[in-house]
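Read the structure below first, then the notes.
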Amino acid sequence: MTIQFGGTITVQDVRRALSLSGKASVLITAFRVALALGGTALLASSAIVADTFGLPESGASGWRDLILFLGSYSVLLFYAVLYPYLMPFLAAKRVWKRLGFGDELTGTASEDGLAIAGADYAVDYKWQLYERARISDSVVLLYAQKNLWTMFPRSLFADDDDWQAFVGLVKANVPPDRRVRREWS
90 MTIQFGGTIT
100 VQDVRRALSL
110 SGKASVLITA
120 FRVALALGGT
130 ALLASSAIVA
140 DTFGLPESGA
150 SGWRDLILFL
160 GSYSVLLFYA
170 VLYPYLMPFL
180 AAKRVWKRLG
190 FGDELTGTAS
200 EDGLAIAGAD
210 YAVDYKWQLY
220 ERARISDSVV
230 LLYAQKNLWT
240 MFPRSLFADD
250 DDWQAFVGLV
260 KANVPPDRRV
270 RREWS
């Protein structure tokens, strides 16, 4: 069975791929949420303790410390919880331009592997090159190394039958990524 694909990879496709590639395991996500909740509890408990025991305010220094604490906590909250979800939206256009997406590409997928051709290149990859795969409803990422992946957005395939056949080939030939518990799109 040979599956034809072709088209142009858009910024939205890159955004979906970056989002899927950056998905953390359930354990890491739980840690981030616990960190944010712990920081919130610390902030709330310090305010309660200060109010309950009538701890003296040190004038301007007290406000400065509070603002510094809230600013530090805001940065921690942003990077620990929100940044992993915002990164694909912030980086997609830059990645799209830098890596030359937007050019027409064509290819085939078969039991032997992949053949991909662009304006100035043509490559053949055997399935054994890929150590793992991440699959969502809209994109397939095939990893050759830890952070080196090839993306196949659904938009490259003519119809749903070709997409499903491609996903079937990937599942039959490339091990799934065990670090991601769920598929997100």
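For the sequence shown, the numbering used here gives the first residue as 90, with consecutive numbering after it.
Idealized CB from N, CA, C, for every residue including glycine.
These numbers were taken from a predicted model, which means no experiment stands behind them.
DSSP places V212 in the uninterrupted beta strand (DSSP E) bounded by A211 to K215. G95: member of the beta strand (DSSP E) spanning I92 to T97, first to last residue. For the pair V228 and M240, the CB atoms are nearer than the 7 Å cut-off. Rounded to the nearest angstrom, the gap between the Cα atoms of F94 and D266 is 24 Å.
Look at A208 here: in three-state DSSP terms it is coil, with no helix or strand label. Straight-line measurement puts the Cα of R223 at about 12 Å from the Cα of P242. When S163, L218 and D226 are compared, the shortest CA-CA separation from K235 is found for L218. Under the DSSP assignment, F246 falls outside any alpha helix (DSSP H); it carries neither an H nor an E label. Exposure of I156 is indicated by the presence of fewer than 16 other C-beta atoms within 10 angstroms of its C-beta. L231 sits buried, since 16 or more C-beta atoms from the chains shown fall within 10 Å of its C-beta.
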